[in-house]
Ligand SMILES: NC(=O)c1ccc[n+]([C@@H]2O[C@H](COP(=O)([O-])OP(=O)(O)OC[C@H]3O[C@@H](n4cnc5c(N)ncnc54)[C@H](OP(=O)(O)O)[C@@H]3O)[C@@H](O)[C@H]2O)c1
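Below, the structure written as C-alpha cells:
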C-alpha cells in the first residue's frame, strides 16, 4: 500500500512512544537451566534491557537441579544469549543484565528449596537491588511440576502479598492436557493464588500482528459493519510449520498437534477474529468477550468428529528440497506411533453474528510452507451485471491477516484487465509491517514479560478461557482415542496435509487458500 503523508505520524509515533520501565521486582525462573529459559526468556530480557523496559532494581534468580554457582550460571546464560539473541549483543547491555542474575540449585519438590529461595531474595534486596518485595515467578518447567511448585510457594509464604508487595506466577503452556486436568489444575492453583496473580501464557499473544487483530477490527470504521454472516462466507486459519518435531519427539508424542496447538494458539486467533467488541481494553472486558465466543463454538458430537475433525501424520518426504524422515522415524517417537502431526477442523459458532459461517482451521508439522494467517473470505458479488460479457466467474474478496513469517494485511479484489474486452482479474492491495514500521527483532516474549511485571493480564488467559478451549477439544480427543487411526502416515512431508483435509472444504464447495512462497 502506498504510504501517504497523512499516514506518517503512525510511524513517527511508533518510534517515539516508549513505555516506562517496569517497577522493581525479582524474576524467579523455575527451570532456569532449561531450553525455554536459554532460547527465549534470556534473549527477551536482553531485548527489554535494550528498550529500557526493566527497572534498575531488577534481579533474576534461575532455579534448576544443576549445581552451578552464581558465576557459572551467569557464564552459561551469557553463552546462551550469544547464541540466541535476536540481534547483535551489545556487551554493556548484556553485562547490565548478567550482573543481576543469580542461581539456586534444588529439587522443585523439596520444601528447603523455597526457604533458601526466600533467604536469597532477601539477601539480594539487602545487598544489591531494592526489589521492594515484588516477585515474578516464571514456571518454565514441565507442567507436571506446576501444582507442586505452587503448593510450595504457598507453604513457604512466598506467594503471599502483604504491604502492597505483589507476587505473580506465570504458567507456561500447556495448562492441562484435557478439560478435567485443566479444571483440577485451576482448582489447585486457586487454593494458593488469586486469579489476578495467575498468568497463563500463550506466547502467540506476544506477536504484534495477533494483538493488531483487535486494533484492526475495532479502530477502523469500515470493517466492523461487514464482519458478520451477511457478508462473510467463511474464515480459514492456517498455522503451518515446515519443521518436524526436531529434538522434542518424546514430549510431542505424548501431546500431538491437537493438544499442542488448537485449544491455545488457534483458539486465540479464532476468538480475536470473531469476538464482539469489548467495552474497553481492560483485561476483564477483553477476556469476557473471548470467553463468550469460545463458549459459543458448537460442541462436536461423535459423528461430527468423524466428518469435521481430520488428523494426519507425516511420512518421509521433501520439505523445501530437504529430505525429511517419517514422523515414526524421528528421535524419541515410537515406530508405531498413533500421534497426529496435522489437524484440520471445521467449527461453527452459535451466535447471531456467525451463525452459518464455517471457520476452518488447519495446522501441522513438516508442511510445504511455514505460514500463519487468517483468511476472511467474503461472499461473492452477483454475476448478473456481467451476463453479456466474457466474464464467467468472479473471485470472492479475501482479506488476509498475515501473522508469520511476514506480518501484514492484504485485500484481494477484482479489477478490470486493461483492454477492449470486459475481463476481471484478481489484484492485491497489501500492507506490510516491515515496510511501514521497520523490523522489530523480538522473541514474542518481551511484551508478555513486561505486561506480567506490570500486572496487565490482557494478553494472558483466564481460567474460564482455558477450560472453554479444552471443552471444545475434549470430544475430539475422546473419539480419536477410541478409534485408532488406520491410515497413518497419511501425508507426505512437504505437502499440505492429508487429502481428507482438502475434502472437508471441497464438500462445502470451498477450498483452502493456495499458499505459495
Ligand atoms: N522450549 C521451548 O521452546 C518451549 C516453547 C514453548 C513452551 N515451552 C514450555 O516451557 C516449559 C519448559 O520447557 P523446556 O523446553 O525449557 O524444558 P527443559 O529444557 O526440559 O527444562 C526443564 C527445566 O526444569 C528443570 N527441572 C526439571 N526437573 C526438575 C526438578 N525435579 N527440580 C528442579 N528443576 C527441575 C531442569 O533443570 P536441570 O536441567 O537443572 O535438571 C530445567 O531447567 C514446558 O512447559 C514447555 O512445554 C517450551
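Residue numbers (the working numbering): 963 to 1479.
C-beta atoms are modelled at their ideal positions from N, C-alpha and C, and glycine is treated no differently.
Just so we're clear, the structure is a prediction, and the values are computed from it rather than from any experiment.
Are residue i and residue j closer than 9 Å when you measure CB to CB?
i, j, result
"residue 1108", "residue 1147", "yes"
"residue 1026", "residue 1065", "yes"
"residue 1420", "residue 1248", "yes"
"residue 1333", "residue 1358", "no"
"residue 1369", "residue 1396", "yes"
"residue 1352", "residue 1378", "no"
"residue 1366", "residue 1169", "yes"
"residue 1326", "residue 1276", "yes"
"residue 1258", "residue 1190", "no"
"residue 1295", "residue 1212", "yes"
"residue 1256", "residue 1434", "yes"
"residue 1016", "residue 1003", "no"
"residue 1185", "residue 1423", "no"
"residue 1238", "residue 1324", "no"
"residue 1029", "residue 1087", "no"
"residue 1005", "residue 1042", "yes"
"residue 986", "residue 1018", "yes"
"residue 1339", "residue 1114", "no"
Going by DSSP, which residues form a beta bridge with residue i?
i, result
"residue 1137", "BP columns for residue 1137 are empty, so no partner."
"residue 1274", "1304"
"residue 1055", "Answer by DSSP bridge pairing: none, since residue 1055 is not bridged."
"residue 1178", "In DSSP, residue 1178 forms no bridge with anything."
"residue 1491", "Shown here, the chain extends from 963 to 1479; a query on residue 1491 therefore has no answer."
"residue 989", "1022 and 1098"
"residue 1340", "1194"
"residue 1364", "1335 and 1370"
"residue 1311", "1259"
I need the boundaries of the beta strand (DSSP E) containing residue i, first residue and last residue.
i, result
"residue 1377", "1370 to 1378"
"residue 1021", "1020 to 1026"
"residue 1326", "1321 to 1326"
"residue 1392", "1386 to 1394"
"residue 1195", "1194 to 1202"
"residue 1285", "1284 to 1286"
"residue 1067", "1063 to 1067"
Go to residue i, then tell me how far its alpha helix (DSSP H) extends in each direction, as first and last residue.
i, result
"residue 1420", "Per DSSP, residue 1420 belongs to no alpha helix (DSSP H) and is neither H nor E."
"residue 1332", "No alpha helix (DSSP H) contains residue 1332, which DSSP labels as neither H nor E."
"residue 1011", "1004 to 1012"
"residue 1076", "1073 to 1089"
"residue 1353", "That residue, residue 1353, is in no alpha helix (DSSP H); it is neither H nor E in DSSP."
"residue 1209", "First-last for residue 1209: undefined, no H or E at that position."
"residue 1045", "1032 to 1046"
"residue 1413", "1408 to 1416"
"residue 1103", "Residue 1103 -> no alpha helix (DSSP H), and no H or E assigned at all."
"residue 1229", "1229 to 1236"
Is residue i close to ligand 2? I mean its beta-carbon at under 8 Å from any heavy atom of the ligand.
i, result
"residue 1370", "Ligand 2 is absent from the structure shown, which contains only ligand 1."
Report task. Name all residues in chain order for which at least one heavy atom of ligand 1 lies closer than 5 Å to the residue's CB. Result -> With the cut-off at 5 Å, the residues found are 993, 995, 996, 997, 998, 1026, 1027, 1028, 1069, 1070, 1102, 1103 and 1134.
Requested in this report: Run through the segment 1106 to 1172 for me and flag every whole alpha helix (DSSP H) of 4 or more residues, listed as ranges in chain order.
Outcome: Counting only runs of 4+ residues, the alpha helix (DSSP H) found wholly inside the segment 1106 to 1172 occupies 1108 to 1118 and 1141 to 1152, in chain order.
Query - Unbroken stretches of the alpha helix (DSSP H), 4 residues or longer, contained in the segment 1424 to 1473 - result: As for any alpha helix (DSSP H) of minimum length 4 sitting wholly inside the segment 1424 to 1473, the runs are 1425 to 1444 and 1461 to 1468, ordered along the chain.
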